[in-house]
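A.B. asks:
Residue numbers (the UniProt record's numbering): 1 to 230.
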């Protein structure tokens with residue numbers, strides 16, 4: 001019997017089976033790679049999209065605003081606080097109210113005229129003639145009236161007024177431009193405080209001051225500039 005005729009078909013069958021197994025293995029590997037590239041599929045066969053909230057990097061964390069509000073001005077050791085209101089302006093005439101507030105715990109008595117000095121932006125005094133009353137500047141109701149002592153309970157206030165003109169009458173001298181007022185409750189200058197203000201005197205060089213008085217019962221508090229500093 002010819003053995004080659006028997007073994008050749010059998011070897012051919014073995015080779016065919018091996019090729020078939022290799023094709024199945026390659027097909028399985030290709031399918032696995034395709035699934036890995038596409039990601040996880042849902043039950044409908046569509047690849048699931050990654051969650052946007054988890055795939056994006058987190059942005060910078062914004063810290064809450066913990067800035068503390070500005071504290072009100074402390075009451076000076078004298079127990080009184082001096083401040084200037086906004087000036088009324090008409091036809092070059094300026095009239096401004098200043099206030100003395102009893103911020104302490106005991107009664108405070110003030111009388112006569114306050115001491116007022118006009119300072120420039122460097123806190124240097126300007127050449128200004130300060131007079132009691134406004135007769136040298138304008139005729140103003142109640143400006144010349146002298147009142148007696150004003151006794152203030154804690155929380156009460158007294159008011160005085162300033163008057164000046166914003167005029168340039170002498171071109172040979174620079175205009176006086178005050179940026180601060182140095183105010184003391186009395187003419188002696190004790191307990192003086194410096195408050196921001198704008199006193200545009202031009203070249204007149206004159207400032208009128210009224211006496212301290214209680215505010216009119218029907219007059220509301222006027223807008224204030226920043227509080228004084230000792």
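Every residue, glycine too, gets a C-beta built ideally from N, C-alpha and C.
In this text, all values refer to a predicted model and were calculated from it rather than measured experimentally.
How long is the line joining the alpha carbons of residue 113 and residue 101, rounded to whole angstroms?
C.D. replies: Here residue 113 refers to the residue found at position 113 of the chain shown. Here residue 101 refers to the residue found at position 101 of the chain shown. Each residue's alpha carbon lies about 15 angstroms from the other.
A.B. asks: In terms of DSSP beta bridges, what is residue 106 paired with?
C.D. replies: Along the chain shown, one-based indexing puts residue 106 at 106. Per DSSP, none; premise fails for residue 106.
A.B. asks: Are at least three pairs of beta-carbons, each pair with one atom in the segment 183-193 and one in the segment 162-169, less than 8 angstroms apart?
C.D. replies: No, they do not touch.
A.B. asks: Mapping the DSSP letters down to three states, classify residue 212 as helix, strand or coil.
C.D. replies: As a first step, residue 212 is located in the chain shown; it is residue number 212 there, counting from the start. In the structure shown, residue 212 sits in coil (DSSP, three-state: anything other than H, G, I, E or B).
A.B. asks: Which residue comes first and which comes last in the beta strand (DSSP E) that contains residue 129?
C.D. replies: Translated into positions along the chain shown, residue 129 becomes position 129. First-last of the beta strand (DSSP E) with residue 129: 129-132.
A.B. asks: If you reduce the DSSP assignment to three classes, tell me which class residue 233 lands in.
C.D. replies: The question about residue 233 has no answer, for the chain in this structure spans 1 to 230.
A.B. asks: Starting from the C-beta of residue 147, find all residues in its chain whose C-beta is less than 6 angstroms away, skip the five residues before and the five after it, and write them out in chain order.
C.D. replies: By 1-based counting over the chain shown, the position of residue 147 is 147. Contacts found: 211, 213.
A.B. asks: Taking the straight line between their C-alpha atoms, what separation do you get for residue 92 and residue 132?
C.D. replies: Position 92 of the chain shown holds residue 92. Position 132 of the chain shown holds residue 132. Approximately 20 angstroms, taken between the alpha carbons.
A.B. asks: Roughly how many angstroms separate the alpha carbons of residue 170 and residue 128, rounded to a whole number?
C.D. replies: By one-based count along the chain shown, residue 170 stands at place 170. By one-based count along the chain shown, residue 128 stands at place 128. C-alpha separation (whole angstroms): 15 angstroms.
A.B. asks: Can you name the start and end residues of the beta strand (DSSP E) that residue 182 belongs to?
C.D. replies: Numbered from 1 along the chain shown, position 182 holds the residue referred to as residue 182. It spans 176-184 - the beta strand (DSSP E) in which residue 182 sits, taken as one unbroken run.
A.B. asks: Can you tell me whether DSSP reads residue 217 as helix, strand or coil?
C.D. replies: Taking the first residue of the chain shown as position 1, residue 217 is located at position 217. Coil, per DSSP.
A.B. asks: Quick check on DSSP: helix, strand or coil for residue 199?
C.D. replies: Locating residue 199 in the chain shown gives position 199, where the first residue counts as 1. The answer is strand: DSSP assigns residue 199 an E or B state.
A.B. asks: I'd like to check one pair, residue 105 with residue 149: are the Cβ atoms closer than 7 angstroms?
C.D. replies: Looking up residue 149 in the chain shown gives position 149. Looking up residue 105 in the chain shown gives position 105. No, the Cβ-Cβ distance between residue 149 and residue 105 is not below 7 angstroms.
A.B. asks: Counting along the chain, where does the beta strand (DSSP E) carrying residue 74 start and finish?
C.D. replies: Position 74 of the chain shown, counted from the start, is the residue given in the question as residue 74. Counting along the chain, residue 74 falls outside any beta strand (DSSP E), and DSSP gives it neither H nor E.
A.B. asks: Bridge partners of residue 99, per DSSP?
C.D. replies: Numbered from 1 along the chain shown, position 99 holds the residue referred to as residue 99. Paired residues: 83, 159.
A.B. asks: Does DSSP put residue 206 in a helix, a strand or coil?
C.D. replies: Indexing the chain shown from 1 puts residue 206 at position 206. Reduced to three states, the DSSP call for residue 206 is strand.
A.B. asks: So, residue 179 versus residue 203, is the Cβ gap smaller than 7 angstroms?
C.D. replies: Numbered from 1 along the chain shown, position 179 holds the residue referred to as residue 179. Numbered from 1 along the chain shown, position 203 holds the residue referred to as residue 203. Not closer than 7 angstroms, so no.
A.B. asks: List the DSSP bridge partners of residue 119.
C.D. replies: The residue labelled residue 119 in the question sits at position 119 within the chain shown. Answer is 125, 180.
A.B. asks: If I measure Cβ to Cβ from residue 134 and keep anything under 7 angstroms in the same chain, skipping five residues before and after, which residues do I get?
C.D. replies: For the purposes of this step, residue 134 is taken as the residue at position 134 of the chain shown. So the qualifying residues of the chain are 140, 143, 163, 208.
A.B. asks: Note down, in chain order, each residue of its chain lying with its Cβ closer than 6 angstroms to the Cβ of residue 199, except the 5 sequence neighbours on either side.
C.D. replies: Counted from its first residue, the chain shown places residue 199 at position 199. So the qualifying residues of the chain are 118, 178.
A.B. asks: Closest to residue 216 by CA distance: which of 84, 185, 97, 195 is it?
C.D. replies: Reading the chain shown from its first residue, position 216 is the one you call residue 216. It is 97.
A.B. asks: State the Cα-Cα distance for the pair residue 99 and residue 82, rounded to the nearest angstrom.
C.D. replies: Counting from 1 along the chain shown, the entry for residue 99 is found at position 99. Counting from 1 along the chain shown, the entry for residue 82 is found at position 82. Each residue's alpha carbon lies about 6 angstroms from the other.
A.B. asks: Between which two residues does the beta strand (DSSP E) holding residue 146 run?
C.D. replies: Translated into the one-based positions of the chain shown, residue 146 becomes position 146. Looking at the DSSP string, residue 146 is not in any beta strand (DSSP E), and its letter there is neither H nor E.
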